[in-house]
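Residue numbers (this note's numbering), protein chains in the order written: chain A, 75 to 189; chain B, 60 to 168.
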Amino acid sequence: EAGVAQSPRYKIIEKRQSVAFWCNPISGHATLYWYQQILGQGPKLLIQFQNNGVVDDSQLPKDRFSAERLKGVDSTLKIQPAKLEDSAVYLCASSFAAGGQGEQFFGPGTRLTVL
Amino acid sequence: KNEVEQSPQNLTAQEGEFITINCSYSVGISALHWLQQHPGGGIVSLFMLSSGKKKHGRLIATINIQEKHSSLHITASHPRDSAVYICAVPGYNNNDMRFGAGTRLTVKP
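Written out as structure tokens, the structure reads:
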């Protein structure tokens with residue numbers, strides 16, 4: 075079974091530039107999560123999708139971050155414009171079951187460095 | 060107060076030692092997750108447990124729901140066990156997970 079795919083693996087940009095990350099969840103997983111993990115901290119949920127609908131985006135900085143999952147499969151996360159404090163690993167995860175009860179499968183992450 | 064607290068933050072051990080990592084949480088839960096994160100960033104789910112104990116190879120996870128505490132044990136530790144171990148529990152609305160800050164384990168040969 076293929077795992078969660080993410081690209082790119084690494085990205086370096088200058089502040090005020092834009093960047094987009096892509097995630098392809100495990101086939102059949104309805105729930106998709108985007109997490110931000112700053113160095114030395116645990117992952118923080120940015121947004122959760124159930125199929126193509128948003129379940130929770132309360133911690134997403136909506137003035138600069140946006141995410142979509144138009145067909146209920148792949149998802150993109152965009153930052154525009156980026157700030158220095160956005161430097162982090164962005165993790166995508168998916169699960170078959172909705173909610174925190176189900177096991178989540180994580181992608182390899184995208185390491186973003188903002189200069 | 061963080062919803063999920065892990066200890067220790069950093070742990071260095073010699074190969075072969077018995078390792079214990081602790082996790083305490085403040086919310087009521089139905090399941091707790093232990094995750095492993097290697098330096099490349101990828102996260103792997105180790106255990107999901109709601110009571111008692113689970114064992115997988117050299118890894119053992121226990122949970123005490125009444126005390127809101129879980130432990131992850133590694134027997135006969137090996138340098139390849141070096142990673143960050145993260146404890147996670149469902150959030151208040153059960154829609155997502157809340158993560159501990161992680162325990163960075165280094166096992167020296």
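Quick reminder that beta carbons are idealized off the backbone N, C-alpha and C, glycines included.
Asked, Found
"My understanding is that LEU118/B touches ILE102/B, with C-beta atoms under 8 Å, so please give their C-beta distance in whole angstroms.", "At roughly 15 Å, the Cβ-Cβ gap does not stay under 8 Å, so LEU118/B and ILE102/B are not in contact."
"Would you say LEU119/A faces chain B, with C-beta separation under 8 Å as the test?", "yes"
"Taking 7 Å as the limit between beta carbons, can you name the residues of its chain near ILE88/B, skipping five residues before and five after?", "VAL148 and PRO149"
"Look at SER130/B and THR71/B and say whether their C-beta atoms are less than 8 Å apart.", "no"
"Per DSSP, which one or two residues make a beta bridge with GLN110/A?", "LYS118/A and TYR164/A"
"With distances taken Cα to Cα, identify the nearest neighbour of SER169/A among SER161/A, VAL93/A, GLN178/A and GLU142/A.", "GLN178/A"
"Does any C-beta atom of chain B lie closer than 8 Å to the C-beta of ASP130/A?", "yes"
"Are the CB atoms of SER141/B and GLU74/B within a distance shorter than 8 Å?", "no"
"Whose C-alpha, out of VAL129/A, LYS136/A, LEU189/A and LYS89/A, is nearest the C-alpha of LEU106/A?", "VAL129/A"
"First and last residue of the beta strand (DSSP E) that includes PRO135/A?", "Careful: PRO135/A lies outside any beta strand (DSSP E) and carries neither H nor E."
"Taking Cβ positions only, does ASP140/B come closer than 8 Å to chain A?", "no"
"State yes or no: is the C-beta of GLN111/A within less than 8 Å of the C-beta of VAL188/A?", "no"
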